[in-house]
Amino acid sequence: MPKHSKTRIRGLDADDLEWLAANPEPDPDLPPSGDRWSTWDQSTPTERGPKPHPVWLVTELAAVDTELGILKTGKEADVHLLSRAVPDTDRACLLAAKRYRDSEHRLFHRDAGYLEGRAVKESRMNRAMAKRTSFGMRLIASQWAQAEFSALCRLWELGLPVPYPVQIVGTEILQEFIGTSDGFAAPRLANVSEGLESLWEQLVEAMVRLAHEGLAHGDLSAYNLLVRDGRLIIIDLPQIVDVISHPTGPDFLDRDARNVATWFASKGVTAADPDTLATLLRREARLT
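Residue numbers (this note's numbering): 9 to 296.
In structure tokens, the structure reads:
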């Protein structure tokens with residue numbers, strides 16, 4: 009029996025293969041443009057943001073998600089800019105896609121203190137997280153993503169200045185993009201030098217309301233506060249702490265107060281005093 013030619017595969021000659029390589033059939037699971045179909049239908053009602061959904065949010069299943077670049081990289085997660093739009097219409101919105109890193113990357117460099125009080129019911133899972141196995145790391149990523157999404161939903165419903173939480177799919181959180189309509193992100197507080205007295209007052213009000221709910225941001229600084237049109241917006245909430253149930257909850261409250269008040273004081277805001285703010289927050293959280 010003659011050997012098959014190396015240039016023929018299942019009846020196709022070299023010219024056929026070259027044409028197929030240049031004209032691949034479209035993947036039926038991918039949209040004709042963009043990077044993926046909208047993932048809106050992949051989230052259950054409890055994995056979507058609070059109702060009523062904002063009028064700007066695109067929820068049509070015919071929408072397409074297009075990656076526009078990276079907004080921020082971090083040790084635990086990267087934040088990407090995403091456009092969600094319905095082709096051939098004017099229905100479009102920009103979203104920030106926060107994606108927690110998988111077990112192949114270094115992540116959660118400071119998670120031990122925050123994870124206290126977040127133990128799950130199954131001891132096998134707790135052991136995996138404690139030992140940082142691949143399975144345990146995936147559990148941690150999932151736990152942190154869910155914690156942040158839940159915090160965003162809760163704070164949004166309380167009227168606190170946070171991005172609107174659109175949805176969560178696995179370890180990806182989609183949320184309102186804080187920036188301009190053409191994709192320029194709002195500056196961090198650390199890069200702002202005007203209107204600081206007003207921003208300080210806004211921050212104190214937000215922190216007092218958090219404390220009243222028994223919560224502390226847990227890692228608050230001038231780098232996870234955004235400023236858009238003179239308004240302060242709180243971001244990065246995976247480590248939000250219940251100051252009542254957490255073993256060292258009051259310490260997180262004090263640290264948040266110290267971090268932000270020290271920064272504002274260094275910029276000349278005379279009302280900013282770490283001890284005064286910490287005392288106010290402890291009193292509001294009913295810890296004194």
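Here a beta-carbon is modelled for each residue, glycine too, at the ideal position from N, C-alpha and C. If you're wondering where the values come from, they're calculated on a predicted model, not measured in any experiment.
Throw me the rounded Cβ distance for the residue i and residue j pair, which I believe falls under 8 Å.
i	j	result
K106	A93	Their Cβ separation, rounded to whole angstroms, is 20 Å, which puts K106 and A93 out of contact at 8 Å.
L295	V251	7 Å
A104	P171	7 Å
I181	P173	7 Å
L69	S41	Between S41 and L69 the Cβ distance is about 16 Å, and since that is not below 8 Å, they are no contact.
G203	G238	6 Å
T179	S150	6 Å
Alpha carbon to alpha carbon, how far is residue i from residue j?
i	j	result
A355	K80	This structure leaves residue 355 out entirely; the chain is present only between 9 and 296.
V277	L211	13 Å
Y108	V177	11 Å
P58	G167	12 Å
P255	T287	19 Å
P62	Q183	12 Å
P282	D98	48 Å
R217	W152	23 Å
S51	K275	43 Å
A71	S253	42 Å
G56	D49	The sequence shown places Arg at residue 56, rather than the Gly named in the question. Cα to Cα, the separation comes out at about 10 Å.
L245	L228	9 Å
R266	V235	20 Å
G191	A214	27 Å
F272	I78	29 Å
V87	F185	10 Å
L233	L223	17 Å
L102	D259	37 Å
D73	S201	35 Å
P60	L240	23 Å
D96	G82	35 Å
D37	A159	33 Å
W4	E165	Look at the range of the chain in this structure, 9 to 296, and you will see that residue 4 is not part of it.
P39	A155	31 Å
Between the Cα of residue i and the Cα atoms of the options, which residue gives the shortest distance?
i	options	result
D264	R236, H88, I248 and S274	I248
A193	L89, T54 and W48	L89
A269	V235, A70, E205 and Y172	E205
Q175	I186, T54 and P40	T54
I243	D37, H225, D259 and D237	H225
E221	N232, E209 and L163	L163
E75	T179, F272, W208 and R44	R44
L285	L233, I241, L240 and W208	W208
If you follow the beta strand (DSSP E) that residue i is part of, which residue opens it and which one closes it?
i	result
G77	V72 to T81
L175	The question names Leu, but residue 175 is Gln in the sequence shown. Q175 -> beta strand (DSSP E) spans P173 to V177.
K106	A100 to Y108
R236	L233 to R236
L90	A85 to A93
E184	E180 to E184
R239	R239 to I242
Could you please give the first and the last residue of the uninterrupted alpha helix (DSSP H) stretch that includes residue i?
i	result
A280	Run containing A280: none; DSSP gives neither H nor E here.
H220	L204 to H220
A269	G257 to S274
Skipping 5 residues on each side, what residues in its chain have a beta carbon closer than 8 Å to that of residue i?
i	result
A100	V66, S91, R92, A93 and V94
Sorted by chain position, which residues of the same chain lie with C-beta nearer than 7 Å to residue i's C-beta, five sequence neighbours on each side aside?
i	result
A219	L261, L289, E292 and A293
Y231	R196 and A198
Can you list, in chain order, the residues of its chain with a C-beta nearer than 6 Å to that of residue i? Leave out the 5 residues immediately preceding and following it.
i	result
F157	P173, I176 and I181
C161	P58 and P173
Is the closest heavy atom of the ligand ADP to the C-beta of residue i under 6 Å?
i	result
E156	Questions concerning the ligand ADP fall outside what the structure shown contains, since it holds no ligand whatsoever.
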